[in-house]
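In UniProt numbering, the protein residues as written are 1 to 162. Taking it in order: structure first as structure tokens, then the write-up.
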């Protein structure tokens with residue numbers, strides 16, 4: 001697993017271009033990281049985003065369910081959780097509902113944000129990763145190629161440093 005302190009984006013602010021990439025929620029609404037950060041409750045410190053290859057696969061489902069199981073812990077620490085995939089919106093929406101996931105699944109079909117984060121795996125897939133952003137878009141932690149089952153608990157460990 002990559003260290004959160006070695007990724008070159010850690011300690012930098014995401015560019016306005018990256019923050020403005022259009023993303024579609026599993027409910028069909030268009031948003032962006034900029035908008036999500038602006039809409040955080042005033043007492044929140046930022047957001048956690050976990051990236052996963054494909055909605056509906058066993059590994060992705062484990063990762064997502066672990067974030068759902070720990071969703072309140074993230075909120076208690078002042079962070080909202082989002083999942084990001086390049087899967088089509090319809091399957092992502094059905095998958096989110098089927099597993100009663102408590103976070104918003106975001107779809108980056110054109111992989112513009114995924115490419116900015118250097119998280120493309122092969123041609124069409126997203127590299128399993130997790131990222132912590134402050135309210136102002138600074139990358140506080142970023143790990144790529146993470147274990148699906150350990151991702152949520154690892155992010156909770158990382159949040160202890162903030």
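All C-beta atoms in this analysis are idealised placements derived from N, C-alpha and C, irrespective of residue type, glycine included.
Can you give me the start and stop residues for the alpha helix (DSSP H) that residue 152 sits inside? From DSSP, the alpha helix (DSSP H) with residue 152 extends over 151-159.
Just to check my reading of the structure: residue 137 and residue 37 have Cβ atoms closer than 8 Å, yes? What is that Cβ distance to the nearest angstrom? The pair is a contact, with the Cβ atoms about 6 Å apart (cut-off 8 Å).
Nearest to residue 113 (by Cα), restricted to the options 146, 44, 84, 63: 84
Continuous alpha helix (DSSP H) stretch holding residue 35: start and end: 33-38
I think residue 31 touches residue 23, with their Cβ atoms under 8 Å apart; what is that distance to the nearest whole Å? 5 Å
Counting only the same chain and skipping the five closest in sequence on each side, list residues whose C-beta sits under 8 Å from that of residue 21. 32, 33, 108, 112, 113, 116
Whose C-beta lies closer than 8 Å to the C-beta of residue 45 among residues of the same chain, with five residues either side of it excluded? 77, 78, 79, 134, 135, 162
Please name the residue, chosen from 72, 118, 149, 53, that lies closest to residue 106 on a Cα-to-Cα basis. 53
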